[in-house]
Structure formats: C-alpha cells, structure tokens
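Colleague:
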Amino acid sequence: LPSEVGPCKGKEDRFYFDQESGKCKQFVYGGCGGNGNNFMTEAKCLEACAKSSEPEPDQESCSQPIEVGPCKAMLERFAYDDKKKKCVEFFYGGCRGNQNNFKSMEKCMETCKQQEPEPEPEQ
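Last residue of the sequence shown? That's 127 in my numbering, and every number before it is there in order.
#1: Have a look at K29 and E8 and give me their C-alpha separation to the nearest angstrom.
#2: Relative to the C-alpha of V72, which candidate in Y96, K89, C49 and M78 has its C-alpha closest?
#3: Is N102 close to chain D? Criterion is C-beta to C-beta, closer than 8 angstroms.
#4: Would you mind sorting N39 into buried or exposed? The rule is 16 or more other CB atoms within 10 Å of its CB.
#5: Alpha carbon to alpha carbon, how far is C53 from L5?
Here it is as structure tokens:
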C-alpha cells in the first residue's frame, strides 16, 4: 500500500513501508483515514513489514555471522554465536542482515542446537 495522508489536517510524523525500496520511510499523516501502511515508529514498521518476505531461519542459518544491518530500529533479537557455541541476544537494525536472526531465545536454541557427535564404537 502507498502512504496515505488521509482527509484530516493534522501533522503527525509516521512511517510507511515502501515496497519498491524495501525500507520504511517517514511521511506526515493528517490524523484520520488513511490505510494500514501507517506506523507510529520506524521499528514498528520494520517489525511488521521488512522481514515478511524472508524465509524462516534454518540449521544453516546458525553458521552465519551475527549481522545487525544498516538500519537503526534496535529490535531485540537472538542469534547463534559460533565462537561461544550458544545463542546470544543482539539488537537488529531492522533491515538487511541475514538468517541468523531469531525473535526468541527459544527459537534460536531449538534451531541451532548442537548435534551431539556419535561416540566412536569400541573395538
């Protein structure tokens, strides 16, 4: 949906998701009417729109580096830290990044749990 100012004459700073650029952009909202592509903060816009087209993280995601991305939303996320061999909290900027990015510690741990090596058979 495009940004829609609405029929009222208010001047409220809001954000909308621009499909073409894949980014949330600021616009001035009139205060009434409009459409659903209208968010109070850039973080809310990014949370609702930016990741929707990306695939769900999988086991291969766990080997990717932790990527904050260039945007400034500061969304609490969790990622698998290969050096520490565990899931850790980080703050995601809201755009770009990679698939080593989970909305909960539980989902990170479930997806990235270490496979126990099979013990060597005794001879």
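By construction, the Cβ of each residue, glycine as well, lies at the ideal position given by its N, Cα and C atoms. Remember, it's a predicted structure, so these values are computed and weren't measured experimentally.
Modeller: Checking against the coordinates, here is how it stands:
#1: 12 angstroms
#2: Y96
#3: You won't find chain D in this structure, because it holds only one protein chain.
#4: exposed
#5: Roughly 11 angstroms separates the two Cα atoms.
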